[in-house]
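Chemist: Questions regarding the structure given below will be posed in turn.
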Amino acid sequence: MTDYIRSTRKDGLLEIVIDRPERRNAITGEMYGAMADAIRAAEDDGDIRVILLRGEGGVFTAGNDLDDFVSNPPDGLDQPVFAFMRSVLTSSKVVVAAVSGLAIGIGTTLLLHCDLVVAGRSTRFKAPFVDLGLVPEFGSSRLLPQAMGRRRAARHLLLSEEFDAPAAEVFGIVSQVVDDDQVLETAHKYVRTLLAKPPAALARTKKMLAPDADELAELIKYEAGFLVEGLKGPEFAEAADAFFNKRKPDFSKAK
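Each residue of the sequence shown is one higher than the one before, starting from 46 at the first, in the numbering used here.
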């Protein structure tokens, strides 16, 4: 397992920590693979009933590591990023996220698949896929409009506008907003409460809350096809070059 992902199992809980604060917890393919492996292993462990996802260093995640995306772009649905998406979507365990600082890209879309989300008051959320010449992923092209309405979702998916934690709570993306220094404590309270519940009833109720999981899995595949295509395209190349060279992208060049 990569050093940037810490995974521990104890007393019914699998805790996964993204530990790369020097890069704002940006996620590489190897890191996605490590998280997917941990979640799949937990699926086969009857003692594990809850999964907690969090980031180290006061940041949840800045999303995909752009260096890694350029060097090792996922070229099919068998790649680690999509394996991670499938592992979260199909997990029978209750998934709790403790979110602080930044939740960018998949840092936002991942939360749409978590059962409970605690966010710090100063957390900022953003889905800048279009800015990178890409499309929304992880089912967000449907789930964000469902959560906040099509017009508001367009502000965040087409204009790439940022939103804050109180707005995320109103939209239903976040379960509870707390002071920044209370995020992890509150998430662990959720975990303790969940672990005291009857496990079979808990698992069945989680499944009932997502009756369209199979349909959503097909949508995620559909989005993934466009993502893979976009990563090979001139718009992503221009966006990445502009990012690395700290300049404004000129998409008139992307032909």
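For glycine and all other residues, C-beta sits at the position ideal for the given N, C-alpha and C.
Small disclaimer: the values here were computed from a predicted structure and weren't measured.
With DSSP as the reference, label residue 221 as helix, strand or coil.
Modeler: Taking the first residue of the sequence shown as position 1, residue 221 is located at position 176. Reduced to three states, the DSSP call for residue 221 is strand.
Chemist: Assign residue 258 to one of two classes, buried (16 or more other C-beta atoms within 10 Å of its C-beta) or exposed (fewer than that).
Modeler: As a first step, residue 258 must be located in the sequence shown, where it is residue number 213. When all chains shown are included, residue 258 counts as exposed.
Chemist: For the region 182 to 259, list the alpha helix (DSSP H) runs that are entirely contained and at least 4 residues long, ordered along the chain.
Modeler: 185 to 193, 195 to 202, 210 to 216, 228 to 240, 244 to 253, all fully within the region 182 to 259.
Chemist: Between the region 230 to 241 and the region 190 to 210, are three or more C-beta pairs nearer than 8 Å?
Modeler: Cβ pair count under 8 Å is below three, so no.
Chemist: For residue 127, which of helix, strand or coil comes out of DSSP?
Modeler: Indexing the sequence shown from 1 puts residue 127 at position 82. Reduced to three states, the DSSP call for residue 127 is helix.
Chemist: At the level of alpha carbons, what is the spacing between residue 118 and residue 94?
Modeler: The sequence position of residue 118 within the sequence shown is 73, counting from 1. The sequence position of residue 94 within the sequence shown is 49, counting from 1. So the alpha carbons of these two residues sit roughly 33 Å apart.
Chemist: Determine the direct distance from the alpha carbon of residue 57 to that of residue 240, and round the result to whole angstroms.
Modeler: Here residue 240 refers to the residue found at position 195 of the sequence shown. Here residue 57 refers to the residue found at position 12 of the sequence shown. Approximately 7 Å between the Cα atoms of the pair.
Chemist: Applying the criterion that 16 or more other CB atoms from any shown protein chain within 10 Å of the CB defines a buried residue, is residue 277 buried or exposed?
Modeler: If you number the sequence shown from 1, residue 277 lands on position 232. Its Cβ having fewer than 16 others within 10 Å, residue 277 is exposed.
Chemist: Less than 8 Å between the C-beta atoms of residue 280 and residue 152, yes or no?
Modeler: Here residue 280 refers to the residue found at position 235 when the sequence shown is read from its first residue. Here residue 152 refers to the residue found at position 107 when the sequence shown is read from its first residue. No. Outside cutoff.
Chemist: Taking all protein chains shown into account, do 16 or more other C-beta atoms lie within 10 angstroms of the C-beta of residue 193, making it buried, or fewer, making it exposed?
Modeler: Looking up residue 193 in the sequence shown gives position 148. With 16 or more other Cβ atoms within 10 Å, it is buried.
Chemist: Here's the rule I'm using: 16 or more other beta-carbon atoms within 10 Å means buried, otherwise exposed. How should residue 268 be labelled?
Modeler: Reading the sequence shown from its first residue, position 223 is the one you call residue 268. Answer is buried; the Cβ neighbour count reaches 16.
Chemist: What is the rounded straight-line gap between the Cα of residue 108 and the Cα of residue 139?
Modeler: Here residue 108 refers to the residue found at position 63 when the sequence shown is read from its first residue. Here residue 139 refers to the residue found at position 94 when the sequence shown is read from its first residue. Cα to Cα, the separation comes out at about 22 Å.
Chemist: Residue 181: buried (16+ other C-beta within 10 angstroms of its C-beta) or exposed?
Modeler: Position 136 of the sequence shown, counted from the start, is the residue given in the question as residue 181. Buried, since its Cβ has 16 or more Cβ neighbours within 10 Å.
Chemist: On a Cα-Cα basis, can you pick out the residue from 272, 201, 211, 96 that is closest to residue 132?
Modeler: Residue mapping note: residue 132 aligns to position 87 of the sequence shown, counting from 1. Considering only alpha carbons, the answer is 96.
Chemist: Name the DSSP beta bridge partners of residue 99, please?
Modeler: As a first step, residue 99 is located in the sequence shown; it is residue number 54 there, counting from the start. In DSSP, residue 99 forms a bridge with 62, 143.
Chemist: So what does DSSP say about residue 172, is it helix, strand or coil?
Modeler: Mapped onto the sequence shown, residue 172 falls at position 127. Residue 172: coil per DSSP, three-state reduction.
Chemist: In the DSSP assignment, find the unbroken beta strand (DSSP E) run with residue 69 in it and report its ends.
Modeler: If you number the sequence shown from 1, residue 69 lands on position 24. Looking at the DSSP string, residue 69 is not in any beta strand (DSSP E), and its letter there is neither H nor E.
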